[in-house]
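Residue numbers (the working numbering): 116 to 271.
One structure is given below, encoded as structure tokens.
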């Protein structure tokens with residue numbers, strides 16, 4: 116027979132409630148790991164720029180943590196050198212220069228620069244929100260705390 120609720124301490128009840136909630140959440144929405152990849156990596160973003168960007172983030176954290184002027188000036192100098200190293204303009208200039216004798220390639224490159232691809236999402240925001248809400252209303256019925264405690268007591 117399950118112990119009465121008045122016989123248990125609040126700490127035990129809270130622990131049971133938390134366990135029941137985590138079990139319910141794990142059954143409804145199990146944890147999944149996903150890898151994030153960029154669809155089209157920028158061709159001008161080189162490994163050197165990636166390293167410089169990491170260094171810049173490190174300097175920014177250091178500057179915020181210490182608040183020292185020396186660290187702030189190091190960050191400002193690094194950002195200036197990063198902007199100079201960012202070679203997006205040089206990349207496109209060399210691309211256009213290399214295609215100057217090939218009109219078809221040149222015009223397709225210029226079209227890509229001037230007219231980027233349209234956004235891929237076409238669903239209206241209210242429709243998308245409604246579908247999202249309906250999905251969770253259908254999948255998750257949130258039980259009351261009392262029913263969770265009694266359910267846990269039955270399984271223990």
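Quick reminder that beta carbons are idealized off the backbone N, C-alpha and C, glycines included.
If you draw a straight line from the C-alpha of residue i to the C-alpha of residue j, how long is it?
| i | j | result |
| --- | --- | --- |
| residue 156 | residue 246 | 31 Å |
| residue 211 | residue 152 | 28 Å |
| residue 133 | residue 169 | 39 Å |
| residue 232 | residue 206 | 19 Å |
| residue 138 | residue 167 | 44 Å |
| residue 192 | residue 181 | 17 Å |
| residue 219 | residue 240 | 39 Å |
| residue 126 | residue 140 | 21 Å |
| residue 252 | residue 147 | 21 Å |
Who are the near neighbours of residue i in its chain, counting only those whose CB is closer than 8 Å to its CB and skipping five residues on each side?
| i | result |
| --- | --- |
| residue 194 | 171 |
| residue 254 | 143 |
| residue 225 | 211 |
Closest to residue i by CA distance: which of the options is it?
| i | options | result |
| --- | --- | --- |
| residue 163 | 197, 145 and 250 | 197 |
| residue 158 | 176, 190, 201 and 128 | 201 |
| residue 160 | 125, 199, 203 and 216 | 203 |
| residue 190 | 184, 174 and 183 | 174 |
So the alpha helix (DSSP H) residue i belongs to, where does it begin and stop?
| i | result |
| --- | --- |
| residue 134 | 125-143 |
Ignore the nearest five residues each way along the sequence and tell me which others in residue i's own chain have a CB closer than 6 Å to its CB.
| i | result |
| --- | --- |
| residue 186 | 177 and 178 |
| residue 222 | none |
Contained alpha helix (DSSP H) runs [length at least 4] in the segment 171-240, N- to C-terminal order: Listed in chain order, they are 184-200, 203-213 and 218-229.
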